[in-house]
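In this note's numbering, the protein residues as written are 2 to 180.
Now the structure itself:
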């Protein structure tokens, strides 16, 4: 029986069933069980797996790299479901729309989020600011309205921001948190 954190692979005589009963043995039989450490997915290994699956190598695997030069770095491509080697920013970036509900003006923001974002260490935050020069971005006025299906492994997230100011800037902040 494997210890916690390990799993059985095979016996030294190529038997692959972990439970065995040997019969008709005329002399001593010595076999050794081979075990392997269970793989543990971490945010860093999941991101590395994605870069490999996307065919990236070298400096193009960095979170801040932009191999397709579409203005979306790898972190945004990874988080939003983009292809780091295809300039697909127009179909992946969040959309913003002015709406009104019961006399209140809102800006609606829709973006794609991985359904396993927590496991991948990804956080998504819509932030607002009164100007583009200030470092004072806030998410205090953002309300998530709901989610819907998009493509496998992703969902569409709809948020709204109260639009009372004459001018307000919005952005989607994505972070990869690794323990």
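Cβ atoms here follow ideal geometry from the backbone N, Cα and C, with glycine treated the same way.
In the DSSP assignment, what are the bridge partners of residue 101? Counting from one through the chain shown, the residue named residue 101 turns up at place 100. BP columns for residue 101 point to 106.
Take residue 108 as the anchor and find which of 167, 30, 36 has the nearest alpha-carbon. As a first step, residue 108 is located in the chain shown; it is residue number 107 there, counting from the start. Nearest Cα to residue 108 within the set 167, 30, 36: 167.
Given residue 3, which residues of its chain have a CB within under 6 Å of its CB, disregarding the five upstream and five downstream residues? To locate residue 3, count along the chain shown from 1; it is residue 2. Sequence-distant Cβ neighbours of residue 3 in its own chain, meaning closer than 6 Å and more than five residues away, are 9, 36.
Is it the case that the segment 151-161 contacts the segment 114-129, given that we only count it when at least three CB pairs across the two stretches are under 8 Å? With a cut-off of 8 Å, the segment 151-161 and the segment 114-129 count as touching, because enough Cβ pairs lie within range.
Measuring alpha carbon to alpha carbon, tell me which of 117, 93, 119 ends up nearest residue 110. For this step, residue 110 is matched to residue 109 along the chain shown. Selected option, being the one with the closest Cα: 93.
Return the first residue and the last residue of the beta strand (DSSP E) that residue 123 is part of. Within the chain shown, numbered from 1, the residue matching residue 123 stands at position 122. Looking at the DSSP string, the run of the beta strand (DSSP E) that includes residue 123 is 123-130.
Compare the Cα-Cα distances from residue 153 to each of 86, 88, 81, 30 and report the closest residue. As a working mapping, residue 153 is identified with position 152 in the chain shown. Residue 153 has its Cα closest to that of 81, out of 86, 88, 81, 30.
For residue 33 and residue 12, I'd like the C-alpha separation in whole angstroms. Position 32 of the chain shown, counted from the first residue, corresponds to residue 33. Position 11 of the chain shown, counted from the first residue, corresponds to residue 12. Their backbone Cα atoms lie some 6 Å apart in a straight line.
Could you give the DSSP three-state label for residue 201: helix, strand or coil? With the chain represented from 2 up to 180, any question about residue 201 goes unanswered, as that position is not in the structure.
Under the DSSP definition of a beta bridge, which residues are partnered with residue 150? Translated into positions along the chain shown, residue 150 becomes position 149. Partner(s): 156.
Could you name each continuous alpha helix (DSSP H) segment of 4 residues or more that falls completely within the segment 19-68, going from the start of the chain to the end? DSSP runs (the alpha helix (DSSP H)) wholly in the segment 19-68: 44-54.
Do residue 171 and residue 162 have their C-beta atoms within less than 8 Å of each other? The sequence position of residue 171 within the chain shown is 170, counting from 1. The sequence position of residue 162 within the chain shown is 161, counting from 1. Yes. Within cutoff.
Would residue 76 and residue 146 qualify as a contact pair, given that the criterion is a beta-carbon distance under 8 Å? Numbered from 1 along the chain shown, position 75 holds the residue referred to as residue 76. Numbered from 1 along the chain shown, position 145 holds the residue referred to as residue 146. Residue 76 places its beta carbon 8 Å or farther from that of residue 146.
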